[in-house]
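Read the structure below first, then the notes.
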Amino acid sequence: MIASITTKIAILELVLRNLLDKHMKEKDLEWLRNYNEENIKQKIIKLQNKEILDNNQLISRISLGDVIFIIKLEHLEAKIINSSNINFKKYYAHNKEYYFHYVNNKKYKNSFSNIEKANTVLNLLLTIRNRSFHWENLYKTKITNQKALAPRITTKSHNTFIGVMPNKINAFLSDLIESFEKDLNSYLK
1 MIASITTKIA
11 ILELVLRNLL
21 DKHMKEKDLE
31 WLRNYNEENI
41 KQKIIKLQNK
51 EILDNNQLIS
61 RISLGDVIFI
71 IKLEHLEAKI
81 INSSNINFKK
91 YYAHNKEYYF
101 HYVNNKKYKN
111 SFSNIEKANT
121 VLNLLLTIRN
131 RSFHWENLYK
141 TKITNQKALA
151 PRITTKSHNT
161 FIGVMPNKIN
171 AFLSDLIESF
181 EKDLNSYLK
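Counting from 1, one number per residue, gives the positions in the sequence shown under full-length UniProt numbering.
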């Protein structure tokens with residue numbers, strides 16, 4: 001399976017890097033070199049110790065986890081990802097498109113906002129990428145307390161677990177690619 005999803009993950013990494021860079025350059029052309037968050041700053045200093053790199057070289061050398069971290073820190077999720085075509089139930093039948101919250105012991109049902117969906121999608125992408133590129137078994141599932149089959153690729157938002165079953169990873173990645181550009185998947189054929 002890893003071979004079949006590697007190209008999609010690579011495209012998603014490139015798209016996320018480029019969109020982050022585009023949005024951040026609106027404020028500062030050398031935004032990454034001038035970035036003030038301490039962890040990112042330390043990574044840039046470490047990269048710069050080896051050789052002087054321009055902003056384009058720096059963005060290409062930070063990890064996908066760092067890219068996603070910055071996207072979230074800068075609140076760019078909804079600007080970068082159009083999550084309207086993402087239906088979590090498509091990837092696991094027991095996923096929910098909503099969560100519950102309580103006010104004065106009263107239960108309320110809320111739909112995930114576009115930002116919350118985008119955050120969830122980014123978390124799932126990072127999990128899939130890390131597990132596949134570290135050669136973990138993507139076919140693994142688990143059995144719930146109700147004796148149902150459940151995905152091991154999961155993330156949590158508002159105490160609601162969202163997961164992707166192994167046989168739905170390709171569909172998830174394709175849908176995510178389409179959230180950036182409808183025709184982008186046609187280049188993968």
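C-beta atoms are modelled at their ideal positions from N, C-alpha and C, and glycine is treated no differently.
All of these numbers come straight from a predicted model, not from anything done at the bench.
First through last residue of the alpha helix (DSSP H) which encompasses F69:
L64 to L73
Give, in chain order, every unbroken run of the beta strand (DSSP E) that is at least 3 residues long and sits entirely within the segment 97-130.
98-103 and 106-111
What is the residue span of the beta strand (DSSP E) that F161 lies within?
T160 to V164 is the span of the beta strand (DSSP E), which, as asked, contains F161.
Going along the chain, which residues of its own chain have a beta-carbon closer than 6 Å to the beta-carbon of E13, five neighbours each way excluded?
L64
Specify the secondary structure class of A93 as computed by DSSP and reduced to three states.
coil
At which residues does the beta strand (DSSP E) containing L12 begin and terminate?
From DSSP, L12 is part of no beta strand (DSSP E) but of the alpha helix (DSSP H) over I2 to K25.
Would you tell me roughly how many angstroms separate the C-alpha atoms of F180 and I2, rounded to the nearest one?
Taking the straight line joining both Cα atoms gives about 22 Å.
Check whether the Cβ atoms of K90 and K168 lie closer than 8 Å to each other.
Contact flag set, yes.
So, with DSSP's three-state summary, where would you put A171?
helix
Considering only residues of the same chain and omitting the five flanking positions on each side of I71, which have a CB-CB separation below 8 Å?
L16, L20, E77, I80 and L122
Once the 5 residues before and after N119 are set aside, which same chain residues still bring their CB inside 8 Å of it?
K72, E77 and S157
Reduced DSSP category for K140 - H, G, I as helix; E, B as strand; rest coil
In the three-state reduction of the DSSP assignment, K140 falls in the coil class.
Cβ neighbour criterion (16 or more within 10 Å) applied to E116
buried
Using 8 Å as the threshold, is the C-beta distance between Y99 and N145 below it?
no
Can you grab the Cα-Cα spacing for the pair K25 / I59, in whole Å?
12 Å
May I have the straight-line CA-CA distance separating D183 from Y108, to the nearest angstrom?
Taking the straight line joining both Cα atoms gives about 38 Å.
Cα separation between S174 and I9?
10 Å
Check whether the Cβ atoms of D66 and I45 lie closer than 8 Å to each other.
no
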